[in-house]
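I have placed the structure first, in the form of structure tokens, so that the comments after it can refer back to it.
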């Protein structure tokens, strides 16, 4: 009987190798050959699953998004039933920030993808869909959480997500440490909620 | 008489070619050969000025920083004498945001550099020095501008610069347009100043 190949497992294994290469050496080090070596497969095998680097990148981006969604869901579940909207938002943002090495590795990959998609707008479509969904979710939580007078929940959601992205970029660049980033996040939440 | 070669002019010309390549095709397209072709010089000439890609990247980063500083200084000067701190900060942040094509090109390059330095922490040193200087300047302006009760100028400066970075990243990704980004910026400034 022929061995059954789990194609999705193989694709994922190759994508994870790509993520390690991008996280350690940067996006410019990502090539079919380098990824194949990291995954312990042949270049031919990589090309069997991904015809181009773009296809490989798109799939790896999917893997990162799923991983990040699972992490957020777990963090939110850890809060128990009915956390306050402020506590929920604080947990979600803090969960995403690159404050330890596994999150820094993910953050470097995310930054590499952002740079990659900035010159390939069509590749950014899934990221745009995520952000739009997050914006609606965050605005809804701000609305439910009793925002301060004068706060527009939709614009405050844009602002909070931009703050999250920027704190992440500055943490990755070593501009300051987790303490400063989390203090700035809390100070920002103070301006949104009573 | 031998022709006098303006070495700085040549280095700058090569760096600008690098910026065009990175802005149009992404950082992974930056190679000695590609940059030489874009600058209209030989690969040997590029190697005469920059022994490695890292050296070339570091110099190009300098060019971007000088260009961006000149732009900020001009925008601030355009406000006339003694602008309010809020107006000055709003002008500076709006000036940096990638709201039109020249700024988008610069923004793509900046993002490529951020991704590049995230895996080479030592290369991020000049960026860290800039951010530290900007943080002190912004905190000082917030302090002078009559912040709302409860605002910590130092943390608010960290927050405003993170917001600026994040709005820039989301604009580059096409997550929303300039109108939304500027409205979110104004809403954010409303939470800092009376």
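Residue numbers (full-length UniProt numbering), protein chains in the order written: chain Y, 1 to 194; chain B, 1 to 194.
Backbone N, C-alpha and C fix where the C-beta goes; we use that ideal spot for every residue, glycine too.
Helix or strand or just coil, what does DSSP make of residue i?
| i | result |
| --- | --- |
| residue 98(B) | coil |
| residue 147(B) | strand |
| residue 137(Y) | helix |
| residue 50(B) | coil |
Does residue i come within less than 7 Å of chain B when only Cβ atoms are used?
| i | result |
| --- | --- |
| residue 133(Y) | no |
| residue 35(Y) | no |
| residue 169(Y) | yes |
| residue 48(Y) | no |
| residue 110(Y) | no |
| residue 166(Y) | yes |
| residue 28(Y) | yes |
Shorter than 7 Å from the beta carbon of residue i to some beta carbon of chain Y?
| i | result |
| --- | --- |
| residue 121(B) | yes |
| residue 15(B) | no |
| residue 191(B) | yes |
| residue 95(B) | no |
| residue 88(B) | no |
| residue 128(B) | yes |
| residue 144(B) | no |
| residue 40(B) | no |
| residue 174(B) | yes |
| residue 196(B) | Past the edges of chain B, shown from 1 to 194, lies residue 196(B), and the structure says nothing about it. |
| residue 114(B) | yes |
Which whole-angstrom value describes the C-beta separation of residue i and residue j, a residue pair presumed to lie in contact below a C-beta threshold of 8 Å?
| i | j | result |
| --- | --- | --- |
| residue 162(B) | residue 167(Y) | 5 Å |
| residue 95(Y) | residue 71(Y) | 6 Å |
| residue 144(B) | residue 85(B) | 5 Å |
| residue 121(B) | residue 61(B) | That belief does not hold up - the Cβ atoms of residue 121(B) and residue 61(B) are roughly 14 Å apart, past 8 Å. |
| residue 23(Y) | residue 103(Y) | Wrong, their Cβ atoms sit about 11 Å apart, outside the cutoff. |
| residue 46(B) | residue 36(B) | 5 Å |
| residue 150(Y) | residue 193(Y) | That belief does not hold up - the Cβ atoms of residue 150(Y) and residue 193(Y) are roughly 13 Å apart, past 8 Å. |
| residue 97(Y) | residue 181(Y) | 6 Å |
Who are the Cβ neighbours of residue i in its own chain at under 6 Å, not counting the five residues just before and after it?
| i | result |
| --- | --- |
| residue 117(B) | 123, 124 |
| residue 39(Y) | 13, 14, 17 |
| residue 50(Y) | 56 |
| residue 135(B) | 157 |
| residue 113(Y) | 61 |
| residue 131(B) | none |
Sorry if obvious, but does the Cβ on residue i come closer than 6 Å to a heavy atom of the ligand MN?
| i | result |
| --- | --- |
| residue 119(Y) | Judged by which ligands are present, the structure shown has none, so any question about the ligand MN falls away. |
Could you name the residues of the same chain whose beta carbon sits closer than 7 Å to that of residue i, not counting the 5 residues immediately before and after it, in chain order?
| i | result |
| --- | --- |
| residue 119(Y) | none |
| residue 183(B) | none |
Closer than 8 Å by C-beta to residue i: which residues in its own chain qualify, once you throw out the five before and the five after it? Chain order, please.
| i | result |
| --- | --- |
| residue 42(Y) | 36 |
| residue 87(B) | 79 |
Subject >> Residues, ordered as in the chain, of the stretch 153-164 of chain Y that lie near chain B by beta-carbon distance below 8 Å >> reply: 155, 156, 158, 159, 161, 162, 163, 164
**OP:** Could you list the residues in the stretch 68-83 of chain Y with a C-beta less than 9 Å from some C-beta on chain B, going in chain order?
**Re:** none
Original post:
Using Cβ-Cβ distances below 9 Å, what residues of the stretch 50-66 of chain B are close to chain Y?
Top reply: 53
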